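**Student:** Questions regarding the structure given below will be posed in turn.
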Amino acid sequence: MSSQSKTAELSVTSGAANFLRNYYIYFVLVAVVALLSLANLDQFALFERGNFLNKRNIINILRVSAPILVVAGAFTLLMVSGYIDLSIGSTMGLTAVIYAMLAINGMPFVPAFLLTMLAGAVLGAINGILVVRLNITPVIATLITLSLFKGIALLLVQDGVSAIKSGGGLKMPAWFNDYGRDGVFLKLPAAFWVAVAVTLVLIVVQNRGKLGKYAAATGGNPTAAKLSGINTGRTVFLLYVIVGVTAALAGIARSSFMSLGDPLSGDGMELTAILVVLLGGTAFSGGEGRVLRSFVGALIIMALTVGMLTIVPAYYQTLVIGAALLTAAATNHLVSQKGKVS
Amino acid sequence: MTEEQKISVLSVDGLTKDYPGVRAVDNVTFSIQNSVVHCLVGENGAGKSTLVKMLTGALAPTTGAMTVNGKTYAPTSPQEARVSGIATLFQELHVVNELTVLENLTLGMEKSRFGFFVKSDLEDRVTQTLATIEPAIDPAARVSTLSVAQKQIVEIARAASSGANIIIMDEPTAALSEREVERLFTVIRRLRENNVTVIYISHKLDEIFELGDTVTVMRDGKHITTCPLSDVDGRAELIEMMIGRTVFQSYSPRGKIGDKVVLKAEGLNTKLLKDVSFDIKEGEIIGFYGLVGAGKTEVARALFGADTFDGKVTFHGKPGGRTPKEAIAKGIALVPEERRTQGLFTSLTIRENVPVMNLPRVTQNGVFKAEDVRTAAEAFVTQLGIATSSIEKHTEKLSGGNQQKVVLAKCLFSQADLLLLDEPTRGVDVGAKTEIYEIIKDLANEGNAVAVFSSELEEVLGICDRVFLMFDGCLQEEIENGPNVDIAHILNVVTGGQDEDAR
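Each protein sequence line maps, in turn, to chains X and R.
Numbering-wise, the first sequence is residues 12 to 353 according to the working numbering.
Numbering-wise, the second sequence is residues 2 to 504 according to the working numbering.
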């Protein structure tokens with residue numbers, strides 16, 4: 012009898028833990044937005060700040076969020092499979108440079124866009140080969156490519172200038188800005204909608220696709236996955252390629268938004284991505300994580316970073332982001348602990 | 002079942018596996034019929050696990066052939082084995098905790114188009130299989146919420162639905178409670194009704210009599226018999242077939258056991274251990290003998306403070322250590338069962354390994370006295386007869402026996418006077434074994450107390466003065482070692498015979 016009541020107690024706890032695991036991220040989003048909207052007074056009186064829930068502010072936040080929103084989903088699947096890519100920032104910088112170079116040299120939008128995506132796939136494949144074929148620890152392998160890709164990006168930009176931009180007889184085409192800035196639907200640019208589309212596709216991949224399930228199996232129990240006849244190496248390789256492609260999409264979005272090809276434009280992206288994914292409840296050890304929750308996690312982080320610009324001075328931001336990461340890591344730990352009762 | 006329905010699903014013919022210096026499996030020939038529970042028994046080292054590894058594709062036989070479902074069978078991996086019809090339930094569970102039961106059951110078998118799953122009867126089929134063998138498991142539940150026993154059943158269901166008609170189960174009840182064991186047996190019987198052959202490996206003889214149809218006995222790598230269990234006249238005959246006329250290394254009393262009790266354990270209880278009490282005297286070698294999972298390692302770890310426990314340990318009249326650090330400081334040292342992962346720093350040299358359990362002894366004002374370490378290491382190499390070209394040799398390059406001597410040196414350097422040796426000669430060749438036994442006896446003669454935890458009867462009866470027989474977390478019986486010990490009785494006790502008698 013006592014053992015029965017104990018089981019019941021356990022299932023209640025795990026039910027609560029499941030609820031927490033599944034929905035806490037939305038509460039966090041609501042809480043962050045609420046807090047930011049409440050703190051709309053000009054408390055610091057440094058320069059003019061507006062209301063957070065202002066339409067233009069929201070549009071602006073979503074517009075600059077495009078890069079992180081587009082990588083978050085693929086990054087989640089990679090982490091679910093138990094792997095990581097620290098080179099996404101450099102991939103983003105390099106592809107931003109490539110995209111700008113193609114455009115400034117006269118290539119039209121569509122081929123330049125597709126070629127840049129291809130470049131992202133190649134860079135992702137390089138990571139995949141290092142990790143899967145050469146068996147290098149993912150952190151080390153992608154640290155190597157982090158500096159490698161950044162090095163190439165810096166080489167591609169001429170001496171004396173910091174980025175690919177109009178000047179020296181070359182001029183950015185007029186369309187260059189459109190992708191990242193022009194509102195195409197609900198006043199939001201194509202880059203944002205592409206991020207939404209990519210996320211939707213990856214949600215389906217996670218729920219109904221082989222890749223999504225095999226990623227979870229690979230991250231959850233690699234031996235079991237292999238014994239079930241799953242080619243875990245191919246799964247991981249494919250995920251690296253997809254991450255590379257989404258990083259290229261992020262590079263294009265950023266480059267288009269800033270009207271230049273800056274080799275350093277993706278710096279720090281890997282940290283933001285890890286932060287976002289962890290905030291979304293993805294387990295660092297693999298097996299666990301949802302694409303949609305990372306998307307929401309990205310919205311939270313962007314709301315915090317950009318939103319705070321309108322409220323608090325810049326020097327508070329890093330601190331708040333650190334606090335957010337701490338909260339994410341702690342929540343992640345607590346939730347996964349609770350899930351492990353039984 | 003009529004005679005003509007009985008067809009051989011698996012046969013091995015002259016199967017032999019040689020390791021350098023050892024023939025682990027020696028010309029084994031037998032065959033197994035369909036829809037039976039076939040038990041495989043033998044003592045530790047009888048060659049059971051080597052045989053199973055060959056059946057599962059983990060090892061290739063040196064010579065001999067296997068036939069499965071009428072076809073020649075030579076798997077190179079567990080996946081290949083499964084394709085041929087043999088699935089294995091390993092002791093370590095291969096389920097993905099993060100997926101649901103259903104997702105686990107279909108893993109790797111899904112039908113898909115362009116990378117996306119399409120509807121098929123697969124899900125219905127596996128759900129059906131699961132319902133047949135264990136209806137109580139919800140296919141939609143996350144595997145992480147299941148108990149170990151339920152996870153095991155999920156794995157069995159996956160094996161059954163992947164088309165395997167032979168399922169090998171290696172000690173499947175080791176981690177299960179009594180009620181869970183009953184449920185597993187029900188599952189196994191249902192499998193048998195559904196035309197699946199189960200090869201069941203267990204040390205627990207009562208399980209074998211309860212469940213098995215036929216049995217294969219192995220001893221010293223050789224095939225002794227394959228017969229219906231109904232032809233076996235009870236535990237006694239089975240035990241006799243398992244041990245044969247093994248000659249045990251003769252034990253000679255050393256006669257130097259002191260009267261002073263060094264360590265007294267009273268009512269140790271952990272998750273596994275039940276009310277374990279005993280004492281060790283100065284200069285005495287005591288042995289703990291039992292099967293894998295009987296709780297030997299747990300006793301050693303409790304005494305060393307590596308696991309938490311309820312109960313009282315008195316060491317030299319004071320409370321024992323509650324953490325390894327305390328235990329070492331008080332003079333207790335443990336030689337753990339997994340030498341490479343728990344006992345040694347394999348990437349370090351002999352010299353670097355020796356002082357790690359007692360660094361203060363060679364440290365002065367925070368500075369390492371390199372010369373003292375070197376002297377000590379050199380002394381141990383001589384004293385214990387470690388075969389090495391130099392104390393600067395990396396321990397990963399040493400043989401198993403010499404590695405174990407380095408672990409012993411490490412413990413001796415800590416100036417312990419109670420040594421806990423968990424499987425001290427596992428994976429050690431015969432020559433080094435004898436040397437290690439001599440070292441253990443010498444240590445006891447010098448007045449140290451030694452506790453040996455072993456699943457090798459020969460070892461325990463060869464060197465220990467007193468032997469505690471363990472089964473299922475309990476000390477079943479204490480035996481004074483001597484020329485007249487009743488080996489059949491010992492095996493009966495450690496395989497659960499006493500519990501059965503008590504019922």
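Cβ atoms here follow ideal geometry from the backbone N, Cα and C, with glycine treated the same way.
In this text the structure is predicted, and so the values were computed from the model without any measurement.
#1: Between Thr102 (chain X) and Ala259 (chain X), which are expected to be in contact by the criterion C-beta below 8 Å, what is the C-beta distance as a whole number of angstroms?
#2: Ignore the nearest five residues each way along the sequence and tell me which others in Thr17 (chain R)'s own chain have a CB closer than 8 Å to its CB.
#3: Is Gln384 (chain R) helix, strand or coil when you go by DSSP?
#4: Listing by chain order, which chain X residues have their CB less than 8 Å from the CB of Asn166 (chain R)?
#5: When the cut-off is 8 Å and only beta carbons count, does Leu222 (chain X) lie next to chain R?
#6: Using the beta-carbon count (16 or more within 10 Å), is Gln153 (chain R) buried or exposed?
#7: Could you say which of R:Lys272, R:Ile281, R:Ile464, R:Cys412 lies nearest to Arg340 (chain R) if we only look at CA atoms?
#8: Helix, strand or coil, according to DSSP, for Met110 (chain R) in the structure here?
#9: Does the beta carbon of Gln80 (chain R) come closer than 8 Å to any beta carbon on chain X?
#10: Should Phe58 (chain X) be flagged as near chain R, meaning a C-beta pair shorter than 8 Å?
#11: Quick check: is the beta carbon of Ser239 (chain X) nearer than 8 Å to any beta carbon in chain R?
#12: Work out the CA separation of Val408 (chain R) and Ser400 (chain R) for me, nearest whole Å.
#13: According to DSSP, is Gly272 (chain X) part of a helix, a strand, or is it coil?
#14: Using only the alpha-carbon positions, how far apart do Leu286 (chain X) and Met128 (chain X) sit?
#15: Using 8 Å for Cβ pairs, my map puts Ala226 (chain X) next to Leu100 (chain R). What's the rounded Cβ distance?
#16: Please report the distance separating the alpha-carbon of Val10 (chain R) from that of Val69 (chain R).
#17: Assess contact between the segment 301 to 315 of chain R and the segment 257 to 272 of chain R, defined as three or more Cβ pairs (one per stretch) separated by less than 8 Å. Is contact present?
#18: Hey, how far is the Cα of Leu64 (chain X) from the Cα of Ser48 (chain X)?
#19: So Ala236 (chain X) contacts chain R; which residues on that side make the cut at Cβ distance below 8 Å?
#20: Can you pull the DSSP bridge partners for Gly194 (chain X)?
#21: Count the other CB atoms, across all protein chains shown, that sit within 10 Å of the CB of Val150 (chain X); report buried if there are 16 or more and exposed otherwise.
#22: Among all the DSSP beta bridges, which residues are the ones paired with Val506 (chain R)?
#23: Please list, in chain order, all residues of the same chain as Ala136 (chain X) whose beta carbon is under 6 Å from its beta carbon, the five residues on each side excluded.
#24: Please report the residue range of the alpha helix (DSSP H) in which Lys411 (chain R) lies.
#25: Give the secondary structure of Pro229 (chain R) by DSSP, where H, G and I count as helix, E and B as strand, and everything else as coil.
#26: By Cβ distance below 7 Å, which residues in the same chain neighbour Ser348 (chain R) in space, the five residues on each side in sequence not counted?
#27: Does DSSP put Ile464 (chain R) in a helix, in a strand, or in coil?
#28: Determine, using beta carbons only, whether Glu124 (chain R) comes closer than 8 Å to chain X.
#29: So Val69 (chain R) is in the alpha helix (DSSP H); what residue range does that whole segment cover?
#30: So, is the C-beta of Leu11 (chain R) closer than 8 Å to a C-beta in chain X?
#31: Is the beta carbon of Val102 (chain R) less than 8 Å from the beta carbon of Asp125 (chain R)?
#32: For Met183 (chain X), which option in X:Ala339, X:Val82, X:Leu113 has the closest C-alpha, if you only look at C-alpha atoms?
#33: Starting from the beta carbon of Ser113 (chain R), find every residue of chain X whose beta carbon is closer than 7 Å, and list them in chain order.
#34: Below 8 Å on the Cβ atoms is my contact criterion, and I expect Val38 (chain R) with Gly213 (chain R) to pass it. Report the Cβ-Cβ distance as a whole number of Å.
#35: Counting beta carbon pairs with one atom in the segment 302 to 309 of chain X and one in the segment 76 to 88 of chain X, are three or more of them shorter than 8 Å?
#36: When DSSP labels each residue in this structure, what does Lys282 (chain R) get in the three-state scheme?
**Tutor:** In brief:
#1: 7 Å
#2: Arg24, Val26, Asp27, Asn28, Val29, Pro62, Thr63, Thr64, Gly65
#3: helix
#4: Simply none; closest approach about 18 Å.
#5: yes
#6: buried
#7: R:Cys412
#8: coil
#9: yes
#10: The predicted model places Phe58 (chain X) with a pLDDT of 38, which falls under 50 and marks its position as unreliable; any figure quoted below should be read in that light. No, Phe58 (chain X) lies away from the interface with chain R (no Cβ there is under 8 Å from its Cβ).
#11: yes
#12: 12 Å
#13: strand
#14: 24 Å
#15: Not quite, the Cβ-Cβ distance comes to about 11 Å (not below 8 Å), so this is no contact.
#16: 6 Å
#17: yes
#18: 6 Å
#19: Val97, Leu108, Gly109
#20: X:Pro200
#21: exposed
#22: Since the first residue shown for chain R is 2 and the last is 504, residue 506 (chain R) is missing from the structure and cannot be characterised.
#23: Val252
#24: 401 to 414
#25: strand
#26: His395, Glu397
#27: helix
#28: no
#29: Run containing Val69 (chain R): none in the alpha helix (DSSP H); it sits in the beta strand (DSSP E), 64 to 69.
#30: no
#31: no
#32: X:Leu113
#33: Lys221
#34: 5 Å
#35: yes
#36: strand
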